[in-house]
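**Student:** My numbering numbers the first residue of the sequence shown as 11 and each following residue consecutively.
Beta carbons: idealized from backbone N, C-alpha and C, even for Gly.
Quantities reported herein were computed from a predicted structural model and do not represent experimental measurements.
Supplied in structure tokens, the structure appears directly below.
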Amino acid sequence: NRSSLDLKGISYTISLEGHKVMTGVSNKLPKIEAYGEGEVLLTASVDLFRSIKFFTDLVKSQNKNNIAYSLMAKLDAGTLHPLIYTTKKGQINLNQAIKKQ
Numbered sequence: 011n012r013s014s015l016d017l018k019g020i021s022y023t024i025s026l027e028g029h030k031v032m033t034g035v036s037n038k039l040p041k042i043e044a045y046g047e048g049e050v051l052l053t054a055s056v057d058l059f060r061s062i063k064f065f066t067d068l069v070k071s072q073n074k075n076n077i078a079y080s081l082m083a084k085l086d087a088g089t090l091h092p093l094i095y096t097t098k099k100g101q102i103n104l105n106q107a108i109k110k111q
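This is the structure:
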């Protein structure tokens, strides 16, 4: 970002294997300076039924080594700026997660 962003709000969704398991919103955001970064603390709400469906599907596919995840966020920088959409996708390697414990 070439200019500072005075963020007004954020809404986001976290999906695991295509199941929207967490969502959240916040309006307590820092001002992000130009070409800078800031720390944001978010609270998530878990969708119980979609989480149960995710775990049911996970148990059915016992040989699964990776879990696909996606984080989709919408940032609001105020009425004079367009909404900013961002998505981060990746894989969680279950074998590595178990070894680290």
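Label Asn20 either buried or exposed according to how many other C-beta atoms from any shown protein chain fall within 10 Å of its C-beta, with 16 as the threshold for buried.
**Tutor:** Here residue 20 refers to the residue found at position 10 when the sequence shown is read from its first residue. Reading the sequence as shown, one finds Ile at residue 20 and not Asn. Ile20 should be labelled buried.
**Student:** Name the two residues that bound the continuous alpha helix (DSSP H) containing Lys70.
**Tutor:** The residue you call residue 70 lines up with position 60 of the sequence shown. Residues 58-70.
**Student:** Grouping DSSP H, G and I as helix and E and B as strand, with all else coil, what is Asn105?
**Tutor:** Reading the sequence shown from its first residue, position 95 is the one you call residue 105. Correct three-state label for Asn105: helix.
**Student:** Determine the extent of the beta strand (DSSP E) in which Tyr79 is found, giving its start and end residues.
**Tutor:** Here residue 79 is taken as the residue at index 69 of the sequence shown, counted from 1. Looking at the DSSP string, the run of the beta strand (DSSP E) that includes Tyr79 is 76-86.
**Student:** In whole angstroms, what separates the C-alpha of Ser14 from that of Val69?
**Tutor:** Within the sequence shown, numbered from 1, the residue matching residue 14 stands at position 4. Within the sequence shown, numbered from 1, the residue matching residue 69 stands at position 59. So the two alpha carbons sit approximately 46 Å from each other.
**Student:** Can you tell which of Ile24, Arg12, Asp16 has the C-alpha that lies nearest to the C-alpha of Gly100?
**Tutor:** As a first step, residue 100 must be located in the sequence shown, where it is residue number 90. The candidate whose alpha carbon is nearest that of Gly100 is Ile24.
**Student:** Please report the distance separating the alpha-carbon of Leu52 from that of Ala87.
**Tutor:** Within the sequence shown, the letter at position 42 stands for residue 52. Within the sequence shown, the letter at position 77 stands for residue 87. Taking the straight line joining both Cα atoms gives about 17 Å.
**Student:** Could you give the residue range of the beta strand (DSSP E) that holds Val35?
**Tutor:** On the sequence shown, residue 35 is found 25 positions in, with the first residue counted as 1. Run containing Val35: 29-36, per the beta strand (DSSP E) assignment.
**Student:** Just mark Phe65 as buried or exposed, buried being the case when its beta carbon has 16 or more other beta carbons within 10 Å.
**Tutor:** Mapped onto the sequence shown, residue 65 falls at position 55. With fewer than 16 other Cβ atoms within 10 Å, it is exposed.
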